[in-house]
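In the working numbering, the protein residues as written are 3 to 323.
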């Protein structure tokens with residue numbers, strides 16, 4: 003893959019090949035808290051011996067951010083590399099570039115706005131690898147350390163219902179409960195089943211990858227090693243993401259027949275048959291963003307808004323029963 007880039011490495015070296023590559027894409031978001039937490043745990047030479055860290059800035063073009071990242075990786079007691087791309091390549095391509103530049107047997111994908119929920123986060127992942135040698139494992143995420151400010155109440159409520167599931171609940175959903183944050187994958191699997199750059203914008207590229215990996219007989223194990231997503235969205239930003247995810251939803255529906263069995267898919271297909279979706283969208287948007295309503299009502303309205311835009315994306319597609 004051709005891409006103009008700048009690479010900075012700290013002065014740490016290891017005599018052995020790392021077992022674990024911790025990789026994180028960045029786009030106009032400061033990963034300082036995550037890097038500080040990782041650096042704190044990696045002060046132990048016993049832990050840091052088998053770890054490398056790679057950060058990729060996907061074309062933010064923010065010199066202050068780049069300098070902050072360089073400062074933080076210089077403080078990490080493990081080999082660390084910072085790659086800055088001149089232009090934005092998108093979520094899937096950014097992760098694929100990280101895969102190309104990694105050298106560990108396993109890759110742990112973290113979003114730059116995450117924060118481990120325990121001080122021994124890396125140690126837990128290393129122990130899990132040593133005990134089970136998994137193909138793919140998903141540690142889950144939480145809202146434990148996220149802002150409790152009222153303007154984020156809708157995002158917290160939706161995450162608690164949809165995303166912040168314990169390992170036992172996630173296991174029941176298998177690959178459909180996988181996200182590309184706090185995701186551990188053997189590197190050879192990632193080379194065989196890379197992320198699909200046809201998914202642009204926001205949403206569903208993680209589920210598409212998990213379903214393709216599952217179809218290639220690489221099963222996911224769900225484990226309880228959570229991290230918090232600190233970068234939760236304000237109401238309007240969250241609903242805008244749901245709206246933009248429509249085309250990706252259409253794409254994953256066309257690729258994966260098993261998506262037809264999901265309740266959310268059934269709801270979208272039902273809505274696609276209704277007239278006046280624009281009016282229904284405006285009503286659901288108002289209920290979701292109006293803070294006079296109980297949070298349960300607002301969350302239901304937000305889920306309806308998401309389903310409406312999925313339905314709109316399906317109107318031009320013939321999906322078989």
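All residues carry an ideal CB built from backbone N, CA and C; glycine is no exception.
Within the same chain, Cβ atoms closer than 7 Å to the Cβ of residue 308 are found at 244, the five residues on either side in sequence being excluded. When C-beta atoms of the region 151-164 are compared with those of the region 190-205, fewer than three pairs fall below 8 Å, so the two segments do not count as touching. Boundaries of the alpha helix (DSSP H) around residue 65: 65-76. If you compare the alpha carbons of 275, 129, 7 with that of residue 91, the shortest gap goes to 7. Shown here, residue 315 sits in a helix according to DSSP, grouped into three states. The C-beta distance from residue 250 to residue 206 rounds to 4 Å, short enough to meet the 8 Å contact threshold. Cβ-Cβ distances below 6 Å link residue 62 to 29, 30 in the same chain, with the five nearest sequence neighbours on each side left out; the list follows chain order. Taken through DSSP and simplified to helix, strand or coil, residue 108 comes out as strand. Restricted to the region 37-67, the alpha helix (DSSP H) segments that are unbroken, complete and at least 4 residues in length are 47-50, listed in chain order. For residue 221, the number of other beta carbons within 10 angstroms of its own is below 16, and it is reported as exposed. Counting along the chain, residue 136 sits inside no beta strand (DSSP E), nor does DSSP assign it H or E at all. Taking a contact as a CB-CB distance under 8 Å, the pair residue 54 and residue 20 counts as one, their CB atoms being some 4 Å apart. Residue 114 and residue 56 have their C-alpha atoms roughly 11 Å apart. Around the CB of residue 132, fewer than 16 other CB atoms lie within 10 Å, so the residue is classed as exposed.
Annotation: the continuous alpha helix (DSSP H) that includes residue 209 extends over 207-217.
Comparing alpha-carbon positions, the option among 98, 35, 60 lying closest to residue 89 turns out to be 60.
Residue 223 has 139 as its beta-bridge partners, per DSSP.
Taken through DSSP and simplified to helix, strand or coil, residue 167 comes out as coil.
In this structure the region 271-290 does not lie against the region 212-227, because fewer than three pairs of beta carbons, one per stretch, are closer than 8 Å. For the region 217-279, the full-length alpha helix (DSSP H) segments reaching 4 residues or more read 237-246, 248-257, 265-273 along the chain. The alpha-carbon of residue 79 is positioned some 46 Å away from that of residue 256. Residue 22 is bridged by DSSP to 53, 108. Per the DSSP secondary-structure output, residue 117 pairs in a beta bridge with 230.
Under the three-state reduction of DSSP, residue 293 is assigned to coil, being neither helix nor strand. In this chain, the alpha helix (DSSP H) harbouring residue 94 covers 93-103. With fewer than three CB-CB distances shorter than 8 Å, the region 97-104 does not count as touching the region 124-140.
In this structure, DSSP gives residue 7 an extended state, which the three-state scheme calls strand.
Residue 34 carries a helical assignment under DSSP once its states are collapsed to helix, strand and coil.
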